[in-house]
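Numbering-wise (the numbering used here), the first sequence opens with residue 31 and increments by one.
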Amino acid sequence: MTRVVDPESSYQRIYAIVRKIPPGRVATYGQIADLAGLAGHARQVGYAMAALPTHGAVPWHRVINAQGRISMRRSGPGDSIVQQQLLEREGVRFDGGGRVSLATFRWRKRRRG
DNA sequence: CCACTGACGAGTG
DNA sequence: GCACTCGCCAGTG
31 MTRVVDPESS YQRIYAIVRK IPPGRVATYG QIADLAGLAG HARQVGYAMA
81 ALPTHGAVPW HRVINAQGRI SMRRSGPGDS IVQQQLLERE GVRFDGGGRV
131 SLATFRWRKR RRG
């Protein structure tokens, strides 16, 4: 194949990865991209997230940027507030700057058992 | 086809 | 730690 991945398949693949993130954990766009076989294409993950509904089967709120911060969706910070509340309800702690400690809450697919 | 935009990331100063 | 720049790719006009 000339294409590394198919556009539509990449979206579904991204969603499949996100759904594997356990409660109380977060993952970065770059991490999802890497797991989905789209290393270096983190922006594509963000684009896929943008297409998700606020109330869906995909735990989109567990996906944050590499800075440990919640990225703003379109229009305003309203959704970011909801995202933070959802994460806090799962036990994820935010610091004064609205930032999550990736060293503590970053999801690891599996680290030598 | 070209220009602009968008839930990003890494590098530089 | 923050601001700026470049790279990446898909969607829209």
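Beta carbons are placed, not taken as given, at the ideal position from N, Cα and C, and that holds for glycine.
message: Here's the rule: buried if 16 or more other CB atoms are within 10 angstroms of the residue's CB, otherwise exposed. What is Thr58?
response: buried
task: Just confirm the distance between the C-beta atoms of His91 and Leu116, as a whole number of angstroms; I'd bet it's less than 8 Å.
output: 4 Å
task: Rounded to whole angstroms, what's the CA-CA distance from Arg138 to Val122? Just pull it up for me.
output: 15 Å
- prompt: How would you write the range of the alpha helix (DSSP H) that Trp134 sits in, first residue to last?
  reply: Before going on, a small fix: residue 134 reads as Thr here, not Trp. Here the alpha helix (DSSP H) through Thr134 covers Leu132 to Phe135.
field: Burial state of His71 (16 or more Cβ within 10 Å)
entry: buried
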